[in-house]
Structures are given as structure tokens and as C-alpha cells.
Amino acid sequence: MTGNTAVGWTNATDWPQVSKEILAFVVNTTNRPEILENEVKAFASLPLSRGFQAGLLTPILNALNPDKLFILNNKSRRAVNYFTGATFKFSTLPIYSEANRTEHSLVESVSSTILALSSSDARSSDLFDMFCHWLYAVIKYPPIVGHRIKTEDGEVVVNVPEEQPDVAPAAVSSNAGIEPRPSYQIQAKLADIGAKMGFRIWVPRNDRQNVLALVARNKYGAFLECLPLNYDDLTLRTIEQIDVIWMKGRSMARAFEVEHTTAIYSGLLRMADLLALQPNMDIRLHIAAPNERRDKVRQEILRPTFSLLEHRPLYRSCSFLPYSAVEEMDSLPHLEHMNGSIVDDYAEKFEEDEDE
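In this text, residue positions in the sequence shown follow our numbering: the first is 19, and each later residue adds one.
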């Protein structure tokens, strides 16, 4: 546990409160597994919970209530994804409730086979956990790395790289006196603006805890745990990595990529991937970046790779949104009476460059 203090996630003086929160979470979930989803959301939203993910906490829950609460780590997550077609990305605590249900169903469906093959009286869930460890840690079974999609010229193999979780102290408790990472601040403001206007908000699972720490608690209900979309797996994996999405019902209204660093193109690549997979998708795309990065965004978005997309150039669908515009929109009064079109008043498109 000392690692949390070492990287700045938690102050030494916070540990009494951290221990109380962990104890309450463990007691509540093991005694009443039916409220697991609410308890996970509540605990994960606490600033002091950062660093306590499923791989650390679920073995405790499993030890106290092994029949209802399964262990979730990277090995079991990958196995569940492979055998069920699920798309759980990282073993973060916010996904635990849904992943636990999925793993339950899987283990129940193969329980008799596992028990017969093992000739053991151990729980089938324990045997499944042992199998996952053997599969990925011992024989190092490789994951599926590509998906085949059909095109007019045949089939091609594509892959969506997974974003790696932060290991640096990107966001901390306000008690620590350290400013959260600027990109998280902008994500939080974009989420707040959308929530005030009545949109449901999607933030990648890996960012959600850091973003929620910067958003008023009365806005937590606007955040989605799962996307209510019916696209294919590859498209969903692409969408789930977008920094902020405003949802209206079961449709995406606007999507935002926050690019704080010099490498502007990573967000543009994700937007281009989305349009390549779903060329007829009608969605407004925005790259939010510091004001001084405007020329860099223009330079990247007009690359041949993005301008020569088959159906339309990326700059016709994706605009530049400077940080100052996000700050100004977030300070507007009566946002609850506005709609998403207000973003177009602040965003800049580079269509005028087409004829230069």
C-alpha cells in the first residue's frame, strides 16, 4: 500500500480515512453482493480510492464471499473476454460489477466440465482462476491481435491498440496540493458542460476516476458505465477510447479528444479509425488542445492520411476547440437551456484551407 503514498496519490495523513473507506466497501459488498454495483461506483468515485483497483481488492472480496464475488485481474479478464466475447479492457474497479456477472455466467456454464476434468472438490470459480493463471502466465497463450473486416476488395485485418493506463500521479486528492493533469481538467469541463445540457457522458474507464474527482457529485449520475450502442466489437473498442462523448439516448451527439502534448495525431488517428469503420456515421468530432497548439492541429489534420480518407476528409467532420473556448463555455450561465450546437460557435474548422 505504500506505493500510493510514494507516487503522490495519497498523503500519509490520509491513511486512517483510506482504511475506513476500504473496510466499509469490503463489509458492504461481501455482506450484500446485490448492492455491488452501487458500492463499486461510490468507492471508485472517492479521490482517496485511486490506486485500489480490482486486482488488489477483489481477492479480499473473494476470500470473504467466494460464491458471489470472483477475482478479477488481467488474466481472468482476458479469459472472460476470449470465451464470452466481452470487451473489458483493464482490470479497473469500475468494471468489476459487470465483469463479475459475466464471469459468473461463464463459470456456471462450464462448471461441470471443469470439475470433471480436475477431479477436485475445489470450487469451480477457484479452478477457473487457476486455469486463467495457467493460460496466460504459464503457457502465455497469445491474445487475438487482429480482426477481419470485409471491404469491396476482399478482407483486411485491422487492430485497435489498447490505451495503456496511467502509472504516474496524474491526479491526486485535492488535499495533496498538487494540480491534476491539464488534460483531465479539460475532460472534466467538457463532461460538466455536456451534463449541464442534459447529455449522458462517456469517459474511458481508465480516465473516469480522475475525471470524477474534478466533477461535482450531483453530476455523477450523468456518467455512463457502458455505452448503449450496437456497433461491432472493433467499432465499440474504438469508441470506448475517445476522451469524452456526449450521448443523447442511444446516439452519439459529439465526441472530443483532448490532446495536451506535442503528439496531436493520436486523437486524430482515433477519429479517423472511427470514420473508416463507420463512414456513414453522423457525429460532430472535436480536438481540444491548448490555444498555442492551433497550428499544430491544423498541420496534422491536413495530412494526406486524414485528408484522403475514402468517403470524406477528416477536417470536414473534425474541428479544433481551444482550451480557452472550453473554459469560456464552462462558465456560461444557463447551460441547461442550451444544446450542443453552442460548441460550433467556439470550434474552428479548416475547410477554408481546402482551396488554398
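For glycine and all other residues, C-beta sits at the position ideal for the given N, C-alpha and C.
TODO: Could you have a look at residue 151 and say whether DSSP puts it in helix, strand or coil?
DONE: Along the sequence shown, read from residue 1 onward, the residue named residue 151 stands at position 133. The answer is helix: DSSP assigns residue 151 an H, G or I state.
Task: Extent of the continuous beta strand (DSSP E) run through residue 123 - done: The residue you call residue 123 lines up with position 105 of the sequence shown. Unbroken run through residue 123 is the alpha helix (DSSP H), 114-136; no beta strand (DSSP E).
- [ ] Run the CB neighbour count on residue 38, radius 10 Å, all protein chains shown included, and call it buried at 16 or more, exposed below.
- [x] Residue 38 sits at position 20 when you count from the first residue of the sequence shown. Residue 38 should be labelled exposed.
TODO: Measure the alpha-carbon distance for residue 65 versus residue 230 and round it to whole angstroms.
DONE: Here residue 65 corresponds to residue number 47 of the sequence shown, with the count starting at 1. Here residue 230 corresponds to residue number 212 of the sequence shown, with the count starting at 1. Roughly 8 angstroms between the two C-alpha positions.
- [ ] With a 10 Å radius around its C-beta and 16 neighbouring C-beta atoms as the bar for buried, classify residue 244 as buried or exposed.
- [x] Position 226 of the sequence shown holds residue 244. Its Cβ having fewer than 16 others within 10 Å, residue 244 is exposed.
Task: Sequence-distant residues of its chain with Cβ nearer than 8 angstroms to residue 151 (five each side left out) - done: Position 133 of the sequence shown, counted from the first residue, corresponds to residue 151. Taking C-beta separations shorter than 8 angstroms and ignoring five residues to either side along the sequence, the partners of residue 151 in its chain run 93, following chain order.
- [ ] Kindly indicate which three-state DSSP category residue 232 falls into: helix, strand or coil?
- [x] Working through the sequence shown from its first residue, we reach residue 232 at position 214. Of the three classes helix, strand and coil, the one that applies to residue 232 here is coil, per DSSP.
TODO: With DSSP collapsed to three states, give me the class of residue 57.
DONE: Here the question's residue 57 lines up with position 39 in the sequence shown. If DSSP states are grouped into helix, strand and coil, residue 57 belongs with the helices.
TODO: May I ask you to report which of helix, strand or coil DSSP gives residue 184?
DONE: Along the sequence shown, one-based indexing puts residue 184 at 166. Here the model assigns residue 184 a pLDDT of 45, short of 50, so the residue's position is not dependable and the matter cannot be decided.
Task: For residue 224, the nearest candidate out of 106, 350, 357, 88 (CA to CA) - done: In the sequence shown, the residue the question calls residue 224 occupies position 206. Ranking the options by Cα distance to residue 224, first place goes to 106.
Open item on the list: Nearest by alpha-carbon distance to residue 346: which of 207, 354, 73, 148 is it?
Closed with: Residue 346 sits at position 328 when you count from the first residue of the sequence shown. Each of 207, 354, 73, 148 was checked against the Cα of residue 346, and the nearest Cα belongs to 207.
Open item on the list: Our contact map puts residue 214 next to residue 366 with C-beta atoms below 8 angstroms; I'd like the distance itself, whole angstroms only.
Closed with: As a first step, residue 214 must be located in the sequence shown, where it is residue number 196. As a first step, residue 366 must be located in the sequence shown, where it is residue number 348. No, residue 214 and residue 366 are not in contact; Cβ-Cβ is about 23 angstroms, not under 8 angstroms.
Task: At least 3 beta-carbon pairs within less than 8 angstroms: the region 113-124 vs the region 53-64 - done: Yes, the region 113-124 touches the region 53-64.
Task: Opening and closing residue of the beta strand (DSSP E) in which residue 339 lies - done: Here the question's residue 339 lines up with position 321 in the sequence shown. From DSSP, the beta strand (DSSP E) with residue 339 extends over 336-340.
- [ ] In the DSSP assignment, find the unbroken alpha helix (DSSP H) run with residue 258 in it and report its ends.
- [x] Working through the sequence shown from its first residue, we reach residue 258 at position 240. Per DSSP, residue 258 belongs to the alpha helix (DSSP H) from 251-258.
TODO: Identify whether residue 269 lies in helix, strand or coil by the three-state DSSP scheme.
DONE: As a position in the sequence shown, residue 269 is number 251, starting the count at 1. Residue 269 falls in the strand class under three-state DSSP.
Task: Between the CA atoms of residue 99 and residue 162 - distance to the nearest angstrom - done: Here residue 162 is taken as the residue at index 144 of the sequence shown, counted from 1. Here residue 99 is taken as the residue at index 81 of the sequence shown, counted from 1. Residue placement at residue 162 cannot be trusted, given a pLDDT of 45 that sits under 50; what the coordinates show is reported in the next sentence. Taking the straight line from one Cα to the other gives about 11 angstroms.
Task: Neighbourhood of residue 136 by C-beta distance below 7 angstroms, restricted to the same chain and skipping five residues each side - done: Stepping through the sequence shown from its first residue, residue 136 is reached at position 118. Closer than 7 angstroms at Cβ, skipping near neighbours: 145.
Open item on the list: Using only CA atoms, which one of 221, 217, 212, 237 lies nearest to residue 202?
Closed with: Counted from its first residue, the sequence shown places residue 202 at position 184. Selected option, being the one with the closest Cα: 221.
Open item on the list: Going by DSSP, what residue range makes up the beta strand (DSSP E) through residue 66?
Closed with: Within the sequence shown, numbered from 1, the residue matching residue 66 stands at position 48. Per DSSP, residue 66 belongs to no beta strand (DSSP E) and is neither H nor E.
Open item on the list: Pairs of beta-carbons, one from the region 240-254 and one from the region 274-288, closer than 8 angstroms: are there three or more?
Closed with: Output reads no: the region 274-288 does not touch the region 240-254.
Task: residue 219 - containing beta strand (DSSP E), residue span - done: Residue 219 sits at position 201 when you count from the first residue of the sequence shown. Where residue 219 is concerned, the enclosing beta strand (DSSP E) stretches over 218-220.
Open item on the list: So, does the region 326-333 touch the region 356-364, judging by three or more C-beta pairs under 8 angstroms?
Closed with: no
Open item on the list: Using a 10 Å radius around the Cβ and a threshold of 16 neighbouring Cβ atoms, would you call residue 212 buried or exposed?
Closed with: Residue 212 sits at position 194 when you count from the first residue of the sequence shown. So residue 212 counts as buried.
- [ ] Rank 368, 219, 122, 349 by C-alpha distance to the C-alpha of residue 237 and give the top, closest one.
- [x] Against the sequence shown, residue 237 aligns to sequence position 219. Taking only the C-alpha atoms, the option nearest residue 237 is 219.
Open item on the list: If you reduce the DSSP assignment to three classes, tell me which class residue 355 lands in.
Closed with: As a first step, residue 355 must be located in the sequence shown, where it is residue number 337. Reduced to three states, the DSSP call for residue 355 is helix.
Open item on the list: What does the alpha-carbon distance come out to for the pair residue 138 and residue 126?
Closed with: Translated into the one-based positions of the sequence shown, residue 138 becomes position 120. Translated into the one-based positions of the sequence shown, residue 126 becomes position 108. Looking at the two C-alpha atoms, the distance is approximately 16 angstroms.
Task: N- and C-terminal bounds of the alpha helix (DSSP H) containing residue 40 - done: If you number the sequence shown from 1, residue 40 lands on position 22. Start and end: 33-49.
Task: Cβ neighbour criterion (16 or more within 10 Å) applied to residue 52 - done: Taking the sequence shown and counting its residues from 1, the one referred to as residue 52 is at position 34. The residue is exposed, with fewer than 16 neighbouring Cβ atoms inside 10 Å.
Open item on the list: Distance check for residue 306 and residue 364, CA to CA, integer angstroms please.
Closed with: Taking the sequence shown and counting its residues from 1, the one referred to as residue 364 is at position 346. Taking the sequence shown and counting its residues from 1, the one referred to as residue 306 is at position 288. A direct Cα-Cα distance of roughly 11 angstroms separates residue 364 from residue 306.
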